[in-house]
Structure formats: C-alpha cells, structure tokens
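S.K.: One structure follows; several queries about it will come next.
Numbering (the working numbering), first residue to last: 6 to 192.
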C-alpha cells in the first residue's frame with residue numbers, strides 16, 4: 006500500500022505545479038478529480054489482506070476506471086488517457102509486489118526445507134513439520150491466501166505459488182509471467 010500512497014503523493018505534487026507533465030494536461034483538473042476518486046479505492050484494495058476480497062476490490066477499481074474514462078465531462082483525450090494508463094499501471098505494480106512476496110516466501114520455505122533435511126535426513130512429506138522449528142508460521146500464497154503447494158519429488162521437492170493467473174498448474178513453469186511460480190530442488 007505504501008507504493009500506491011507514494012504514487013498518490015507524487016501525482017499530488019505534479020498537480021501542485023511541479024510540472025513533470027505539460028501544464029495543459031492538468032487544465033480544469035479532471036485528471037486530479039478522477040484520481041482523487043480512484044486512488045483511495047486502489048489503496049483500499051492493496052491494503053486488504055484477504056485475497057478474495059482484494060480481488061473483488063481490484064475488479065471494482067477496474068470498473069471505476071472504465072466509468073471515469075467514459076464520463077462526458079472527462080472526454081478530453083489526455084485526461085482520459087492519463088487515468089486509463091495510470092491506475093492499471095498501479096494495479097500491475099501491486100501484482101508485481103505479490104509476485105515478489107511469493108518468491109521471497111518460497112525462498113524462505115526452501116531454506117527451511119533444506120535445514121529440515123539436514124536435521125532429519127529427508128524432506129518432510131508436507132510443510133507443517135517446519136513449524137515452529139524452522140519457520141514461525143507457514144506463509145500464505147499471496148495469490149489465493151492458501152498455503153504454498155508442496156510435494157516431495159524423488160530425493161528433492163517441488164514448492165510453488167499458483168501465480169497471477171490463480172490456476173494451479175501443478176507447479177509447471179509457464180512462458181508468461183502469470184502462471185505458477187515453482188521452486189524445485191533436485192535433492
């Protein structure tokens with residue numbers, strides 16, 4: 006949520022006359038008025054910890070962006086374009102944060118799994134034995150709020166997040182950035 010608030014402060018500074026954008030884009034302040042309506046919705050969505058609620062709030066933000074860009078008084082092309090580009094970019098930034106969060110938590114779990122194997126001679130059958138000796142609590146997959154997926158795989162393991170597309174592909178890597186985020190250890 007801090008990055009969204011920071012972006013809001015940046016945009017407020019722009020509107021206060023710091024001029025990184027041509028002044029003609031801000032005449033009449035339709036961009037400012039639209040962003041004043043949209044950014045609090047986006048901040049609320051980013052702050053929401055419950056994944057399914059957050060996704061619903063993101064859908065509301067997307068619908069609000071569409072509504073703002075259709076308003077008659079907001080028909081000046083530069084203003085419409087700024088809102089249509091800025092808010093989705095902030096939403097992509099929030100999704101990137103979720104991806105980084107998933108990657109960091111996967112790394113923490115992978116380290117805990119290695120330590121468990123060092124102490125017990127093999128990887129656990131599930132993640133629960135890691136608590137409390139190796140991690141304080143099992144982190145949730147930021148994309149669905151569930152525990153990270155894990156299974157032993159021969160002498161190694163497969164640990165993964167379901168990724169941005171929120172579809173469990175069994176840990177299979179995908180060509181795009183929206184699929185599962187696997188962490189595989191051969192042994």
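From the three backbone atoms N, C-alpha and C, an ideal C-beta is built for every residue, glycine too. None of the values given here were measured: they were computed from a predicted structure.
Tell me which same chain residues have a C-beta within less than 6 Å of the C-beta of residue 134, skipping the five on either side of it?
M.R.: Reading the chain shown from its first residue, position 129 is the one you call residue 134. Cβ neighbours of residue 134 beyond the five flanking positions: none.
S.K.: For residue 171 versus residue 148, is the C-beta distance shorter than 7 Å?
M.R.: For this step, residue 171 is matched to residue 166 along the chain shown. For this step, residue 148 is matched to residue 143 along the chain shown. Cβ distance < 7 Å, so residue 171 and residue 148 count as in contact.
S.K.: For residue 174, which residues in the same chain have their Cβ closer than 7 Å to its Cβ, ignoring the five residues on either side in sequence?
M.R.: Translated into the one-based positions of the chain shown, residue 174 becomes position 169. Here the set comprises 184 and 185.
S.K.: My understanding is that residue 164 touches residue 114, with C-beta atoms under 8 Å, so please give their C-beta distance in whole angstroms.
M.R.: Working through the chain shown from its first residue, we reach residue 164 at position 159. Working through the chain shown from its first residue, we reach residue 114 at position 109. The pair is a contact, with the Cβ atoms about 6 Å apart (cut-off 8 Å).
S.K.: Please name the residue in 52, 93 and 187 whose C-alpha comes closest to that of residue 176.
M.R.: Residue numbering aside, residue 176 sits at position 171 when the chain shown is read from its first letter. When only C-alpha atoms are compared, the closest one is 187.
S.K.: Residue 60 to residue 73, Cα distance in whole Å?
M.R.: Indexing the chain shown from 1 puts residue 60 at position 55. Indexing the chain shown from 1 puts residue 73 at position 68. Roughly 20 Å between the two C-alpha positions.
S.K.: Leaving out five residues before and five after residue 122 in sequence, what residues of the same chain have Cβ atoms less than 6 Å from its Cβ?
M.R.: Counting from 1 along the chain shown, the entry for residue 122 is found at position 117. Within the same chain, residue 122 has close Cβ partners 128.
S.K.: Within the continuous beta strand (DSSP E) that includes residue 186, where are the two ends?
M.R.: Sequence index remark: in the chain shown, residue 186 carries index 181 (1-based). Counting along the chain, the beta strand (DSSP E) containing residue 186 begins and ends at 186–190.
S.K.: Can you give me the start and stop residues for the beta strand (DSSP E) that residue 161 sits inside?
M.R.: By one-based count along the chain shown, residue 161 stands at place 156. Element bounds for residue 161: 161–166.
S.K.: Assuming residue 118 and residue 162 form a contact by the criterion Cβ under 8 Å, report the distance between their Cβ atoms to the nearest whole angstrom.
M.R.: For the purposes of this step, residue 118 is identified with residue 113 of the chain shown, where counting begins at 1. For the purposes of this step, residue 162 is identified with residue 157 of the chain shown, where counting begins at 1. Contact holds; Cβ gap of about 6 Å.
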